Amino acid sequence: MNNYSSKLVNRAVDELSKLPGIGRKSALRLVLHLLKQDIHEVEALGEAIIKMRLEIRFCSSCHNISDDELCEICRNPKRDHSTICVVEEIRDVMAIENTGQYNGIYHVLNGIISPLDGIGPNDLNIISLVDKIGQKKTNEVIMALPTTIEGDTTNYYIYKQLTPFGVLITTIARGVAIGDELEYTDEITLGRSILNRTPYKGTTEYKD
Amino acid sequence: MFLEKLSISNFKNYPEAELEFSSKINCFIGNNGVGKTNLLDAIYYLSFCKSYFNLIDTQNILHNKSFFSIHGTYCKNDEQHDMISCTQKISQKKQFKINKKEYGRLADHIGLYPLVMISPYDRDLINDGSEIRRKFIDSVISQFDKFYLDDLINYNKVLYQRNALLKQFAEKNYFDSSSLEIWDKQMVKLGNNIFIKRKKFLTEFIPIFRHYFEFISGGQEKVTINYDSQLNNREFDELIAVSLEKDRFMRYTTAGIHKDDLEFSIFTYPIKKFGSQGQQKSFVIAIKLAQFEYTKKVKGFKPILLFDDIFDKLDDSRVEQLIKLVSENSFGQVFITDTQKPRIEKVFSTIEIDHKIFEIRENKAFEIPNGK
């Protein structure tokens, strides 16, 4: 069916189209583009990918991507090591880092509990989180998981595991998005925001 | 609120039709298969954005035509006139417009022009499994309580997850109470919310239902609806704890509000087995009228009432009672279908009410003048 008159092209298209968001047509376009490129540039691309995959490591403390044993965030002495923010995946670390509002460290679970997808608590990095809190002094654990039923359930599981340590456990606020008109906010979110309202202190708090 | 004008093109068996309605009672009469119910379905479309009967929109297009359209003009508060249009072209998305402006989401429209349909299919409420009865109460409560719907959706998610976990335990032959407990906790919280709301709703709903049933039946028959829930006798967390062994054996969750049911009985016996067809029909009509009353209370104005095949299985005295009832001021606009012209005319000769009768033949509707 897919005869590109070259088995090499065919193979490259097969491999590229396994990537997320890339179908066979896009894959073929990329392959044809690479054929037009200077051979050194293509070599550099291939090398970068292979090197990235072979040499990347996961931080032994927070499971974030890292070039060394510990990631840059965990190695940074200026960060507050007594505050841990628990997230589902590496992308969430990047999202929170981009806000510039957080100076603590992270813990990447690498998923959330969902029996339907065959993911139980033991498939996640929960034991290392419990160990870390048992060993180092921790003031606060911030749960920044998705606001789905699976996210809530994972929150609760971790909460149960951490209760013996007497550490403060918080979750990120849920409610009306900043800059949103109330009339366009969906009823569930708005209703919950009313129920979980916060005390007003003269001005709405943002850290700058 | 009432429907003043309806015009349809290529909808089901109608190439073109245009009707002007009375704000009270409208009757469609004609033989089997002439398309009386299709007119009701067109009105249903304008309220719910879909057919009562056929969920595949394109199948409602007249054969060999490329589109259908339904336009309805509604009058609200005697002055505001809104035109609702629904157009479905073959292989295109359904378009829904209010005063020529298209809706962003169909959900924004549903509920603005409330309607209750009474049809011979309602007997499924009695004959089918408990799921259809839960669905009925859920749909009525969700109409005015979005939090209920949210809790219900989440409860079902938790239920699927918990069942998947129980299955894993059995297949991989292990058990971990701490990973089950976290789902139990969510389930109890959501389940209790749903239980309380269902119970509260039914306490208000059942007396209205009985009132209507007595009216139709002339007060001779004693009927009840009983909310049957495992949570009636036991706290949910306790219930989950005692069902654990059974759940593990069955590999699914055996206790909870997903097992709730409504028991319909007549003289304390199940109406499904011991009620005649006419009694069963009166029973479901009373349920639908109670739904009407409830919707009216919540919305603050009268929904439109569609009565498909009103004489089906009912004796003349019950039908006369029914028409008297819906002619009262507490009801608004009503649409009725029947096969017998003399029968309908006889009923209206005794009741003083504004009404219009349409005779349906050859895919057209003809108004029969009645001098009122």
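Chains as they are written, first to last, in the working numbering: chain A, 1 to 208; chain B, 1 to 372.
Just so it is clear, CB atoms sit at the ideal spot from N, CA and C, and this is done for glycine as well.
Just so we're clear, the structure is a prediction, and the values are computed from it rather than from any experiment.
Residue 47 of chain B and residue 60 of chain B do not touch by the CB rule: their CB atoms are close to 15 Å apart, not below 8 Å. Among the residues of chain B, those whose CB is under 9 Å from the CB of residue 120 of chain A are 165, 168, 176, 179, following chain order. Residues of the stretch 139-155 of chain B with a Cβ closer than 8 Å to any Cβ of chain A, in chain order: 146, 147, 150, 154.
Each residue's CA atom was taken as its position, placing residue 10 of chain A and residue 52 of chain A some 25 Å apart.
Contacts between residue 32 of chain A and chain B, judged by CB atoms closer than 7 Å, are missing: the closest CB pair is about 33 Å apart. Within the stretch 179-207 of chain A, contact with chain B at the beta-carbon level (separation under 7 Å) is assigned to 187, 188, 191.
Identification of chain A residues near residue 161 of chain B by a Cβ-Cβ cut-off of 9 Å yields 113, 114, 115, 116, 149, 150, 153, ordered along the chain.
Membership of residue 151 of chain A in the alpha helix (DSSP H) is indicated by the continuous run 149-162.
Among the residues of chain B, none has a CB under 9 Å from the CB of residue 132 of chain A; the nearest is roughly 19 Å distant.
Closest option to residue 81 of chain A, judged by alpha-carbon separation, among A/145, A/137, A/42: A/137. If you compare the alpha carbons of B/108, B/330, B/367, B/194 with that of residue 147 of chain B, the shortest gap goes to B/194. Here the stretch 17-33 of chain B makes contact with the stretch 346-366 of chain B; the two share three or more CB pairs at distances below 8 Å. The three-state reading of DSSP puts residue 1 of chain B in coil, since its state is none of H, G, I, E or B.
Interface residue (Cβ-Cβ distance to chain A less than 7 Å): residue 182 of chain B is classified as such. Residue pairing by DSSP leaves residue 177 of chain A without any beta bridge partner.
Residues of chain A with a Cβ closer than 8 Å to the Cβ of residue 101 of chain B do not exist, since the nearest Cβ in that chain sits about 17 Å away.
Per the coordinates, the alpha-carbon of residue 19 of chain B lies some 6 Å from the alpha-carbon of residue 7 of chain B. Nearest to residue 208 of chain B by C-alpha distance, out of B/22, B/276, B/111, B/284, is B/284.
Taking all protein chains in view, the Cβ of residue 264 of chain B is crowded by 16 or more other Cβ atoms within 10 Å, so the residue is classified as buried. Around the C-beta of residue 107 of chain B, fewer than 16 other C-beta atoms lie within 10 Å, and the residue is accordingly described as exposed. Excluding the 5 residues flanking it on each side, residue 5 of chain B has same chain C-beta neighbours closer than 6 Å at 20, 73, in chain order. Contacts with chain A at 7 Å (Cβ-Cβ) do not include residue 188 of chain B. In this structure, residue 366 of chain B sits away from residue 355 of chain B, with a CB-CB distance that is not shorter than 7 Å. For residue 131 of chain A, the enclosing alpha helix (DSSP H) stretches over residues 127-135. Residue contact check for residue 159 of chain A against chain B: no CB pair falls below 7 Å. Beta-carbon to beta-carbon, residue 307 of chain B and residue 335 of chain B are separated by about 7 Å, close enough to satisfy the 8 Å threshold. Cβ atoms of residue 99 of chain B and residue 78 of chain B stay farther apart than 8 Å, at about 18 Å.
In terms of Cβ geometry, residue 142 of chain A and residue 74 of chain A do not form a close pair [threshold 7 Å]. In this structure, B/198 is the residue among B/169, B/113, B/198, B/175 with its C-alpha nearest to the C-alpha of residue 261 of chain B. Residue 49 of chain A sits exposed, since fewer than 16 C-beta atoms from the chains shown fall within 10 Å of its C-beta. Annotation note: the stretch 9-87 of chain A contains the following uninterrupted beta strand (DSSP E) runs of length 3 or greater, listed N- to C-terminal: 80-87. Annotation note: the stretch 271-319 of chain B contains the following uninterrupted beta strand (DSSP E) runs of length 3 or greater, listed N- to C-terminal: 304-307. Residue 170 of chain A sits in a strand when the DSSP states are folded into three classes. Bridge pairing for residue 338 of chain B: B/29 [DSSP]. The three-state reading of DSSP puts residue 203 of chain B in helix, counting H, G and I together. DSSP places residue 79 of chain B in no beta strand (DSSP E); its state is neither H nor E.
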